[in-house]
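All residue numbers for the sequence shown refer to our numbering, where the first residue is 9 and numbers rise by one.
Worksheet: the structure to be examined is printed underneath.
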Amino acid sequence: MKIKNIDSETDLQYLQLDKEFEYSDMEDNTVTESEIKKYAQQRLDTVESFLKVTRNSSDNVKSEVSTRVVAEKLTSRSYNSTNGVKYARLYALQNNPKNLVFARASLDCTNFVSQCVWAAYGGWKIDTEKFTNVSINRTRVANKERMTSSWYGAKYGKGDISNNFCGVTYFYNYVTDSKKSFGPQGKGYGKASTDKFDLSKVRVGDVIQFYLASYGNWRHSTYVSSVTKVGADDYKIFLCTHQSDHKDISITEYLSNFDKARGIHFENGKFSS
């Protein structure tokens, strides 16, 4: 009996019936057609079950191998806040299209902050006001170097920007997710009303976000460029920002205009490139 196309990979040519189902001219050994079909179906079910188990086993092996390969390719990258600040200060007020590395988002505050974080993780080939490395850095952005499939920006002039890269809350939830195995890794801290936000916890290279009650959400992201202790409990903290573009603006300007604040410290992250 020929049976074809049980699945896309298998063409079972013959199914052998047991001797008890062999045809015979003797009346007392006669087997009805329905019994033959029933038995044949049982055998088919057995074969299909075997093939299903085999396929599942193969898929599991492929998945395990794929996971191991990805894990082997991931490299731990340190978070260098000095490089993040260099990028923040160089691009906080830069609007010349010839010098821009990333595309600007319609609401650009978190998009800019993500760029600073990207630079701190080594995605950016450090540049100066001569902007000699723009082409190299645009290529890095286009190739998604030091980015992930869930956190990526767009090269200047074209491309998509992920929500995790440019959205205030999306960014916070993504980078502080300790369960993910790769990408930028941060820890949230200090969420409080702006009059009670603990400035002593803030470090250079942190991201500070602000909440506006009139909108009912976290509204703005900023990058910490400078922290100086000026008294027992007093700190001068400066930020670089986009949307309202500022280079080294005092954090007090934001604390007085928003209702809540929270911060993010960054640690080593794992990337495939």
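We treat Cβ as the ideally placed atom computed from N, Cα and C, and that holds for glycine.
It should be emphasised that the depicted structure is a prediction, and the values quoted were computed from it without experimental measurement.
Q. Going by the CB atoms, is the gap between residue 110 and residue 164 shorter than 8 Å?
A. For the purposes of this step, residue 164 is identified with residue 156 of the sequence shown, where counting begins at 1. For the purposes of this step, residue 110 is identified with residue 102 of the sequence shown, where counting begins at 1. With contacts defined as CB atoms closer than 8 Å, residue 164 and residue 110 qualify as a contacting pair.
(Q) What does the alpha-carbon distance come out to for the pair residue 269 and residue 214? (A) Here residue 269 refers to the residue found at position 261 when the sequence shown is read from its first residue. Here residue 214 refers to the residue found at position 206 when the sequence shown is read from its first residue. Taking the Cα positions, residue 269 is about 13 Å away from residue 214.
Q: Throw me the rounded Cβ distance for the residue 158 and residue 172 pair, which I believe falls under 8 Å.
A: Mapped onto the sequence shown, residue 158 falls at position 150. Mapped onto the sequence shown, residue 172 falls at position 164. Yes, they are in contact, since the Cβ atoms of residue 158 and residue 172 sit about 5 Å apart, within 8 Å.
Q. Is DSSP giving residue 212 helix, strand or coil here?
A. Here the question's residue 212 lines up with position 204 in the sequence shown. The three-state reading of DSSP puts residue 212 in coil, since its state is none of H, G, I, E or B.
Q: Classify residue 265 as buried or exposed, calling it buried when 16 or more other Cβ atoms lie within 10 Å of its own Cβ.
A: Looking up residue 265 in the sequence shown gives position 257. Counting Cβ neighbours within 10 Å, residue 265 comes out exposed, since fewer than 16 surround it.
Q. Residue range of the beta strand (DSSP E) that residue 118 falls in?
A. By 1-based counting over the sequence shown, the position of residue 118 is 110. Premise fails: residue 118 lies in the alpha helix (DSSP H), 117-128, not in any beta strand (DSSP E).
Q) Can you tell which of 130, 128, 177 and 182 has its C-alpha closest to the C-alpha of residue 117? A) Your numbering for residue 117 matches position 109 in the sequence shown. When C-alpha distances from residue 117 are compared across 130, 128, 177 and 182, the shortest belongs to 177.
(Q) Classify residue 154: buried if its beta carbon has 16 or more other beta carbons within 10 angstroms, exposed otherwise. (A) Residue numbering aside, residue 154 sits at position 146 when the sequence shown is read from its first letter. Label assigned to residue 154: buried.
Q. Residue 281 to residue 81, Cα distance in whole Å?
A. In the sequence shown, counting from the first residue as 1, residue 281 sits at position 273. In the sequence shown, counting from the first residue as 1, residue 81 sits at position 73. If you take the alpha carbons of residue 281 and residue 81, they lie about 8 Å apart.
Q: Give the DSSP bridge partners of residue 275, in chain order.
A: Position 267 of the sequence shown, counted from the start, is the residue given in the question as residue 275. Paired residues: 193.
Q: Identify which residue in 267, 142, 95 and 148 has its Cα closest to the Cα of residue 223.
A: Walking along the sequence shown from the start, residue 223 turns up at place 215. The alpha carbon of residue 223 has as its nearest neighbour, out of 267, 142, 95 and 148, the alpha carbon of 267.
(Q) Taking 8 Å as the cut-off, does the segment 130-139 touch the segment 240-247 (at least 3 CB pairs, one atom from each stretch)? (A) Fewer than three Cβ pairs drawn from the segment 240-247 and the segment 130-139 lie within less than 8 Å of each other, which leaves the two stretches out of contact.
Q: Determine the direct distance from the alpha carbon of residue 49 to that of residue 278, and round the result to whole angstroms.
A: For the purposes of this step, residue 278 is taken as the residue at position 270 of the sequence shown. For the purposes of this step, residue 49 is taken as the residue at position 41 of the sequence shown. The alpha-carbon atoms of residue 278 and residue 49 are separated by roughly 52 Å.
**Q.** For residue 272 and residue 180, the rounded distance between their alpha carbons
**A.** Position 172 of the sequence shown, counted from the first residue, corresponds to residue 180. Position 264 of the sequence shown, counted from the first residue, corresponds to residue 272. Here the alpha carbons of residue 272 and residue 180 stand approximately 8 Å from one another.
Q) Hey, how far is the Cα of residue 115 from the Cα of residue 251? A) Taking the sequence shown and counting its residues from 1, one reaches residue 115 at position 107. Taking the sequence shown and counting its residues from 1, one reaches residue 251 at position 243. C-alpha of residue 115 to C-alpha of residue 251: approximately 6 Å in a straight line.
Q) Between which two residues does the alpha helix (DSSP H) carrying residue 97 extend? A) Working through the sequence shown from its first residue, we reach residue 97 at position 89. Residues 89-99.
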